[in-house]
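Peer 1: In terms of my numbering, the sequence shown has 281 at position 280, counting the first letter as 1, and numbering is strictly consecutive. Before I ask anything, let me first share the structure, which is written out below as structure tokens.
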Amino acid sequence: MNINQKVSKRNAAIMARFSVPGVFNYSMLTLSDHERVLYVGAREALFALDPNDISKQLRPQIDWPAPQDKKRECVAKGKNNQTECFNYIRFLQSYDHTLLYTCGTYAFQPKCTYVNADSFTLNAAALEDGKGKCPYDPAKGHTGLIVDKELYSATLNNFLGTEPVILRNLGQQHYSMKSEYLPAWLNEPDFVGSALVRESSGSKEGDDDKIYFFFTERAMELDCDTEPNVARVARVCKGDLGGTRTLQKKWTTFQKARLECSLPERHVYFNNLRAVFTLPGQDWRGTTFYGIFHAQWGDVDVSAVCQYQISNVKEVFKGSYKEYREASQRWGRYTGSVPTPRPGSCITNSDRENGYNSSLQLPDATLNFAKKHPLMEDKALGRLLLLTKGVNFTRLAVDRVSALDQRPYNMLFIGTAEGWLQRVVILGSEAHVIEEIQLFETAQPVDSLTISHAKKYLYIGSRSEVLQLPLANCSRYQSQPDCLLARDPYCAWDSEGRASCLGYSCRVKSVFVPDLQVCPCASCKSSPLIRNLSRNRQLKSLQGLKNCLVIIHHSNCESAKELSVYELNRTIKHFVFFDVVEFACTDFYFIITSLVKET
Numbered sequence: 002m003n004i005n006q007k008v009s010k011r012n013a014a015i016m017a018r019f020s021v022p023g024v025f026n027y028s029m030l031t032l033s034d035h036e037r038v039l040y041v042g043a044r045e046a047l048f049a050l051d052p053n054d055i056s057k058q059l060r061p062q063i064d065w066p067a068p069q070d071k072k073r074e075c076v077a078k079g080k081n082n083q084t085e086c087f088n089y090i091r092f093l094q095s096y097d098h099t100l101l102y103t104c105g106t107y108a109f110q111p112k113c114t115y116v117n118a119d120s121f122t123l124n125a126a127a128l129e130d131g132k133g134k135c136p137y138d139p140a141k142g143h144t145g146l147i148v149d150k151e152l153y154s155a156t157l158n159n160f161l162g163t164e165p166v167i168l169r170n171l172g173q174q175h176y177s178m179k180s181e182y183l184p185a186w187l188n189e190p191d192f193v194g195s196a197l198v199r200e201s202s203g204s205k206e207g208d209d210d211k212i213y214f215f216f217t218e219r220a221m222e223l224d225c226d227t228e229p230n231v232a233r234v235a236r237v238c239k240g241d242l243g244g245t246r247t248l249q250k251k252w253t254t255f256q257k258a259r260l261e262c263s264l265p266e267r268h269v270y271f272n273n274l275r276a277v278f279t280l281p282g283q284d285w286r287g288t289t290f291y292g293i294f295h296a297q298w299g300d301v302d303v304s305a306v307c308q309y310q311i312s313n314v315k316e317v318f319k320g321s322y323k324e325y326r327e328a329s330q331r332w333g334r335y336t337g338s339v340p341t342p343r344p345g346s347c348i349t350n351s352d353r354e355n356g357y358n359s360s361l362q363l364p365d366a367t368l369n370f371a372k373k374h375p376l377m378e379d380k381a382l383g384r385l386l387l388l389t390k391g392v393n394f395t396r397l398a399v400d401r402v403s404a405l406d407q408r409p410y411n412m413l414f415i416g417t418a419e420g421w422l423q424r425v426v427i428l429g430s431e432a433h434v435i436e437e438i439q440l441f442e443t444a445q446p447v448d449s450l451t452i453s454h455a456k457k458y459l460y461i462g463s464r465s466e467v468l469q470l471p472l473a474n475c476s477r478y479q480s481q482p483d484c485l486l487a488r489d490p491y492c493a494w495d496s497e498g499r500a501s502c503l504g505y506s507c508r509v510k511s512v513f514v515p516d517l518q519v520c521p522c523a524s525c526k527s528s529p530l531i532r533n534l535s536r537n538r539q540l541k542s543l544q545g546l547k548n549c550l551v552i553i554h555h556s557n558c559e560s561a562k563e564l565s566v567y568e569l570n571r572t573i574k575h576f577v578f579f580d581v582v583e584f585a586c587t588d589f590y591f592i593i594t595s596l597v598k599e600t
């Protein structure tokens, strides 16, 4: 974990910008299946941009305003005609190879429709009711995704915003499904993200795919004198058809658990989840969730990033249930017997062997228990990666870099409420902030981040415009020490004396082995070593001293100046000693730039 900040700096690495006069809130970004088009949903407009250069439109824009009569009705109901009574695009995803599906708030009367991807046209006369698919209020949380031509959405289901719902519809394969309107299920939630995990793939148990939802809600299980909000992860099974009598057309597999992101030694708990990103693994078992959390230390805002493995989340849902005890009027662990089949679980091979081929065949005992016990006892514990004071993180995206030592490293791109972008690499247990980029002339929140892994670009949505940046920004390093100390997995110093992007085109040594690290210098036939000065004051077996730098972790530059450096001469079996004649000292490193042999 890293709680230190890099010095903020301006950066001119922005490749392209896109905006249209009079159009705002470019908050929905989605790439086509083969990343040939970047689709953008804004306020009352949709765009199809060239992902190689977003300043170019591939098709004329689609204007989709709310009609004037709808706007007048919106104002008559007490909403603001400057900020609320418009059609804000809140959902935009591919439905199949030829269609997109999109939803907008439509002046507090949400509507949805299909967009022809080839012609990029929308039939505004053939609109569908967007209730349950899209929020009424553009400021309210919402998440959704299309899975096998079915829409799974989590939103607020009425004008007042008092009916939270997790819904499935659109498809022909399954019934429309929704959650119960019970506080024990959803209690004033703020939805921030969702993810599909294909857990049926390679499952010996015949398990089902699952859809995970992430949100913050008011906790019913906590004491009144504690923080009222908690972060949650909930899940449902893709094959859930509801019950026959109990939970008819309602989720029988809805379960939720607390997401804990904390710094226990300082008694700090981050209960407000603001954003989530799902990083797939080589298979679903390698799925990782990253969450942005907020808390306050006195009057200071604090942001954190925590990481969750799918295996840990699954174990929580296999554990004990919570229940409300009427006698004590408190929540506690359920200690009674659990019905069979297990409530909240997907239908598996063992259930099928016992005659339960779908949720419609589940016994009432299982369904009643599931209805009354949606909350799990245990928490999903997160690994705290990054902690920052005085900054509000808003969005994140993660790229897995195939590093130059053939190891994967995760690069986090984090947007802030002030319009900055942080590039952070995870090195073992440490989060290293490589750089901070000021994105806008006028401070405004980063509303969305989307990565093109094929094209190696990052796209950023905000109120005023869309930005395009390269994932790698190697040109910022003007010297070899700058390049080496940055520990940027995308970059290394090449033979022509410049930083270059090596992650995509060539291979040299990496800088990220924790104890004995090698510098990424393409011109070096043999690599220098990096050792922790506190463990060993001498560097053994140094090679390539004429061509490369030696970088030493230190806690005190004065002691580093007295370091003895020697090289093992393999030919005559003795040590050759060197004096350090040129060096540089930074906050964390002592850099040897020139060595001479002792006489």
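The beta carbon of each residue, even a glycine, is placed where N, CA and C say it ideally should be.
#1: Hey, out of Asn273, Arg384, Ala235 and Arg331, whose CA is closest to Gln308's CA?
#2: When you compare the segment 359-367 with the segment 235-249, are there three or more beta-carbon pairs, one atom per stretch, that lie closer than 8 angstroms?
#3: Are there 16 or more other CB atoms within 10 angstroms of the CB of Glu45, so buried, or fewer, so exposed?
#4: May I have a chain-ordered list of the alpha helix (DSSP H) segments no shorter than 4 residues that lie completely inside the segment 138-206?
#5: In chain order, what residues of the same chain have a beta carbon less than 6 angstroms from the beta carbon of Lys71, not counting five sequence neighbours either side?
#6: Can you give the beta carbon distance from Val434 to Tyr491, rounded, assuming they're within the 8 angstroms contact cut?
#7: Nearest CA to the CA of Ser329: which residue from Glu222, Glu218 and Ala43?
#8: Could you pull out every residue in the same chain whose Cβ sits closer than 6 angstroms to the Cβ of Cys113, ignoring the five residues on either side in sequence?
#9: State the CB to CB distance for the pair Leu397 and Val306, rounded to an integer number of angstroms; the pair is presumed to be in contact (CB under 8 angstroms).
#10: By DSSP's criteria, Met377 is part of a beta bridge. Which residues make up the other side?
#11: With distances taken Cα to Cα, identify the nearest neighbour of Glu436 among Lys457, Tyr478 and His143.
#12: For the pair the segment 31-50 and the segment 83-95, tell me if three or more CB-CB distances fall below 8 angstroms.
#13: With DSSP run on the structure shown, which of helix, strand or coil describes Leu223?
#14: Let me know if Glu300 comes out buried or exposed under the rule of 16 or more other beta-carbons within 10 Å of its beta-carbon.
#15: Are the CB atoms of Lys380 and Val317 within a distance shorter than 8 angstroms?
#16: What ranges does the beta strand (DSSP E) occupy inside the segment 438-489, keeping only unbroken runs of at least 3 residues that lie completely in it?
#17: Could you name the residues of the same chain whose beta carbon sits closer than 7 angstroms to that of Leu197, not counting the 5 residues immediately before and after it, in chain order?
#18: Taking only three categories from DSSP, how would you classify Ile15?
#19: CA-CA distance, Asn159 and Tyr137?
#20: Ignoring anything shorter than 3 residues, give me the beta strand (DSSP E) runs that lie fully in the segment 258-331, in order along the chain.
#21: How is the beta strand (DSSP E) around Gln110 delimited, first residue to last?
#22: Is Glu85 helix, strand or coil when you go by DSSP?
#23: With respect to the beta strand (DSSP E) encompassing Asn26, which residues constitute its N-terminal and C-terminal limits?
#24: Where does Asp352 land, buried or exposed, given buried means 16+ other C-beta within 10 angstroms?
#25: What did DSSP end up calling Val402 once you bin it into helix, strand or coil?
#26: Would you check if the distance between the CB atom of Asn272 and the CB atom of Glu228 is smaller than 8 angstroms?
#27: Quick check on DSSP: helix, strand or coil for Leu368?
#28: Let me make sure I understand the geometry here. Which of Phe216, Phe290, Leu368 and Ala127 has the alpha-carbon closest to that of Phe192?
Peer 2: For this structure:
#1: Of the candidates Asn273, Arg384, Ala235 and Arg331, the one whose C-alpha sits nearest the C-alpha of Gln308 is Arg384.
#2: A contact is defined here as three or more CB-CB pairs under 8 angstroms, and the segment 359-367 meets this definition with respect to the segment 235-249.
#3: With a 10 Å radius around the Cβ and a threshold of 16 neighbouring Cβ atoms, Glu45 comes out buried.
#4: None, since the segment 138-206 contains no complete alpha helix (DSSP H) of that length.
#5: Hits under 6 angstroms: Ala108 and Gln110.
#6: That belief does not hold up - the Cβ atoms of Val434 and Tyr491 are roughly 15 angstroms apart, past 8 angstroms.
#7: Cα-wise, what sits closest to Ser329 is Glu222.
#8: Correct list, in chain order: Cys104, Glu129, Gly131 and Lys134.
#9: That pair is a contact at about 7 angstroms.
#10: Partner(s): Tyr322.
#11: For the options Lys457, Tyr478 and His143, the alpha carbon positioned closest to that of Glu436 is the one of Tyr478.
#12: Because the criterion of three Cβ pairs below 8 angstroms is met, the segment 31-50 and the segment 83-95 touch.
#13: Here DSSP, grouped into helix, strand and coil, assigns Leu223 to coil.
#14: Reading the sequence as shown, one finds Asp at residue 300 and not Glu. Exposed is the call here.
#15: Contact: yes.
#16: If only complete runs of 3 or more residues are kept, the segment 438-489 shows the beta strand (DSSP E) at 447-453, 458-463 and 467-471, in order along the chain.
#17: Hits under 7 angstroms: Leu146, Val148, Asp210 and Ile212.
#18: When DSSP states are grouped into helix, strand and coil, Ile15 belongs to the coil group.
#19: Approximately 7 angstroms, taken between the alpha carbons.
#20: Runs of the beta strand (DSSP E) spanning 3 or more residues and lying entirely within the segment 258-331 occur at 269-271, 273-280, 289-298, 301-310 and 323-326, in chain order.
#21: In the DSSP assignment, Gln110 falls outside any beta strand (DSSP E), carrying neither H nor E.
#22: Glu85: coil per DSSP, three-state reduction.
#23: First-last for Asn26: undefined, no H or E at that position.
#24: That one is buried.
#25: Three-state DSSP puts Val402 in a strand.
#26: Asn272 is a Cβ neighbour of Glu228, given a cutoff of 8 angstroms.
#27: Note: Leu368 maps to helix in three-state DSSP.
#28: Of Phe216, Phe290, Leu368 and Ala127, the smallest CA-CA separation from Phe192 is found for Phe216.
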